[in-house]
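In mature numbering (1 follows the signal peptide of the UniProt record, and there is no 0), the protein residues as written are -20 to -1, 1 to 491. Built from N, CA and C at the ideal position, the CB exists for glycine as well.
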Ligand code: HEM
């Protein structure tokens, strides 16, 4: 009996101790949650996932609405993924000025996870020595002024080739899907920069296959995936997004691997005169910071594939939106064409050297990026450690989304923010550039993770847009009036126009 009482007392004591421990942990968790930035109340298990996966899947818009209620630093629980959303230029300034390093990690989505791992990828590398080495390679060997100057002719070739394709298509007088031509140009340019190959040459079957698989991989990677938010579904991959993305990535790698093999067998400069990115990757000996013994073929494949995925859709989205806004605002279209046609005589091709004399054209690109940043949340960051931001606790591994779409439309910063008015960027008081120093306008990001290809993109986009505006007059297809254009957005890997721009190019003839 005594034993029974002693046993009962022991059990009660154990239960009380366990209860106290649990209560303490719950209290600590609640305290921590209490110090998290404010946000909408989460549902059990799914959290605020319905705010993300709304009927129209426009999370940048839903989050901007929520931020009006909960503030510019807001917490959302996307299933099990704690997310902090930054929605004002002031909060972005604090993030990039005071917490850049600790928030420079990357949240890796399921579609990006492959059997071969993410070693070698710059976009998905966590902040650290390997990322620094890859980043330095990119900024010094690919996108620094000297290599960019050396590649000027390649950009001119690809852009003028696109103008010729449009001229051919214009012959039948029908409307064309403008975005498709921009995509082909961007893809062909990156192919030329890396492999010195015209991947879209009708003779190149492998080029066409690579184009197909790269496009499909981007399409699947851009789909919302519930497995990202509910860990118990990760293994199941219920929508098949990881499986399908990785299938196309693998096929793309196989083709890139063939190009690599061909180069290694033939050696450099057999069919070309200049050093391309593949030569750089094959010759790279590291930056002295980390022991480096050359890249494995898989790493090269990853870097190559990454350049295509990072460079094509972003460029296409921006250029398509620029055309959409210009066709929607005919006065602005006439103004930019007048600037171009005054500066460059008819029959002469627009060259990169001309861009410095075309301030309105450059302002059109900026205004497009303000209203339609192709990556409305940048590329998701992750807190590598917990930190205190603006008095709030941000736990380790929190996903950080910077809503640059909302920041670009903030009425506190921008007068008539929803109007497409490039003139605002000609005002000396609003001389914001997109180099990450003006936090009200950061379509390329800011701080350590800022887009390394900014110097390339800022040359390529005005050159391409200027060339199609100089060479053609544009009329909306199917008799559509500018005011009737559907300007809705569609979220994929980038923020694209939901209804592609269809317009008729009319070759410009000076009378
Ligand atoms: C309109 C054109 C472009 C825009 C608006 C853009 C924007 C961005 C943004 C917002 C980021 C993420 C910044 C962050 O994480 O905070 C990024 C990263 C990156 N971009 Fe771009 N990008 C463009 C074109 C390109 C092109 C043409 C390439 C390559 C050919 C490229 C390569 C990359 C790479 C490799 C990263 C990852 C950098 C890192 O994680 O350290 N981008 N870009």
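Put residue 235 into one of helix, strand or coil per three-state DSSP. Assignment of residue 235 by DSSP, reduced to helix, strand and coil, places it in the helix class.
Residues bridged to residue 470 by DSSP? 476, per the DSSP bridge assignment.
Are the beta-carbon atoms belonging to residue 303 and residue 158 less than 7 Å from one another? Cβ atoms of residue 303 and residue 158: closer than 7 Å.
For residue 452, which of helix, strand or coil comes out of DSSP? In the three-state DSSP reduction, residue 452 falls in the strand class (E or B).
Below 8 Å on the Cβ atoms is my guess for residue 283 versus residue 240; work out the distance and round it to an integer in Å. About 11 Å; that fails the 8 Å criterion.
Alpha carbon of residue 149 to alpha carbon of residue 161, nearest angstrom: Distance between the alpha carbons of residue 149 and residue 161 is about 10 Å.
Kindly list the residues whose CB is nearer than 8 Å to the CB of residue 483, restricted to its own chain and excluding five residues on each side of it in sequence; keep chain order. Excluding sequence neighbours, residue 483 sits near 155, 156, 158, 303, 307, 454, 455, 456, 457.
Residue burial classification, residue 349 (beta-carbon count within 10 angstroms, cutoff 16): So residue 349 counts as buried.
Grab me the residues of residue 360's own chain with a C-beta within less than 8 Å of its C-beta, minus the 5 sequence neighbours each way, in chain order. Closer than 8 Å at Cβ, skipping near neighbours: 86, 87, 89, 379, 380, 381.
Quick one: what's got a C-beta closer than 6 Å to residue 465's C-beta in the same chain, skipping five residues either side? Result list for residue 465: 308, in chain order.
Residue 2 - DSSP class collapsed to helix/strand/coil: In this predicted model, residue 2 has a pLDDT of only 47, less than 50, meaning its place in the structure is not dependable; the value taken from the coordinates is given anyway. Residue 2: helix per DSSP, three-state reduction.
Option in 263, 425, 68 with minimal Cα separation from residue 393: The candidate whose alpha carbon is nearest that of residue 393 is 68.
Can you determine whether any heavy atom of the ligand HEM sits closer than 6 Å to the C-beta of residue 56, and answer yes or no? No, the beta carbon of residue 56 sits no closer than 6 Å to any heavy atom of the ligand HEM.
Please state whether DSSP places residue 7 in a helix, a strand or coil. Summary for residue 7: the model assigns pLDDT 47, below 50, so the residue's position carries little reliability; its value from the coordinates is reported in the next sentence. Looking at residue 7 - three-state DSSP - the assignment turns out to be helix.
Rounded C-alpha distance that separates residue 126 from residue 110: Roughly 24 Å between the two C-alpha positions.
How many angstroms separate the CA atom of residue 426 from the CA atom of residue 153? About 44 Å.
Quick one: measure Cβ to Cβ for residue 449 and residue 317, integer angstroms, because I've assumed they're closer than 8 Å. Right, the Cβ-Cβ distance comes to about 5 Å (below 8 Å), so this counts as a contact.
Do residue 109 and the ligand HEM come close, with the Cβ less than 6 Å from some heavy atom? Not so, every heavy atom of the ligand HEM lies at least 6 Å from the Cβ.
For the candidate residues 55, 73, 59, whose alpha-carbon lies nearest to that of residue 65? Of 55, 73, 59, the residue nearest in Cα terms is 55.
Give me the DSSP bridge partner(s) of residue 23. DSSP, once it has assigned bridges, lists 27 as partnering residue 23.
In terms of residue numbering, what span does the alpha helix (DSSP H) encompassing residue 308 cover? For residue 308, the enclosing alpha helix (DSSP H) begins and ends at 277 to 308.
Range covered by the beta strand (DSSP E) that runs through residue 374: It spans 372 to 374 - the beta strand (DSSP E) in which residue 374 sits, taken as one unbroken run.
Using alpha carbons as the reference points, say which of 460, 436, 367, 488 lies closest to residue 327. The closest CA to that of residue 327, considering only 460, 436, 367, 488, is found on 488.
Quick test of your reading: residue 73 and residue 419, contact by CB under 8 Å. State the CB separation rounded to the nearest angstrom. That belief holds up - the Cβ atoms of residue 73 and residue 419 are roughly 4 Å apart, short of 8 Å.
Shortest alpha-carbon distance to residue 300 belongs to which of 372, 57, 179, 476? Minimum Cα distance to residue 300 is reached at 476.
What do you reckon, is the C-beta of residue 103 under 6 Å from a heavy atom of the ligand GDP? As for the ligand GDP, it is missing from this structure, which binds only the ligand HEM.
Considering only residues of the same chain and omitting the five flanking positions on each side of residue 43, which have a CB-CB separation below 6 Å? Close CB contacts of residue 43 within its chain, under the 6 Å cut and outside five residues either way in sequence, are with 65, 383 (chain order).
Residue 417: beta carbon under 6 Å from a heavy atom of the ligand HEM? Result no, Cβ not under 6 Å from the ligand HEM.
DSSP has residue 379 in a bridge; who is on the other side? 63, 362, per the DSSP bridge assignment.
Taking the straight line between their C-alpha atoms, what separation do you get for residue 445 and residue 142? Looking at the backbone, the Cα of residue 445 and that of residue 142 are separated by about 11 Å.
Beta-carbon spacing of residue 442, residue 341 below 7 Å: Going by C-beta atoms, residue 442 is nearer than 7 Å to residue 341.
C-alpha gap between residue 25 and residue 362, whole angstroms: Using only the alpha carbons, I get a separation of about 21 Å.
Any idea if residue 226 is buried or exposed, counting beta-carbon neighbours within 10 angstroms, 16 or more meaning buried? Counting every other CB atom within 10 Å of its CB across the protein chains shown gives residue 226 a total of 16 or more, marking it as buried.
Regarding residue 485 and the ligand HEM, is the C-beta to nearest heavy atom distance less than 6 Å? No, the ligand HEM has no heavy atom inside 6 Å of this Cβ.
On the three-state DSSP scale, how would you describe residue 152? Coil.
Does the Cβ of residue 194 lie closer than 6 Å to at least one heavy atom of the ligand HEM? For the ligand HEM, not one heavy atom lies less than 6 Å from the Cβ of residue 194.
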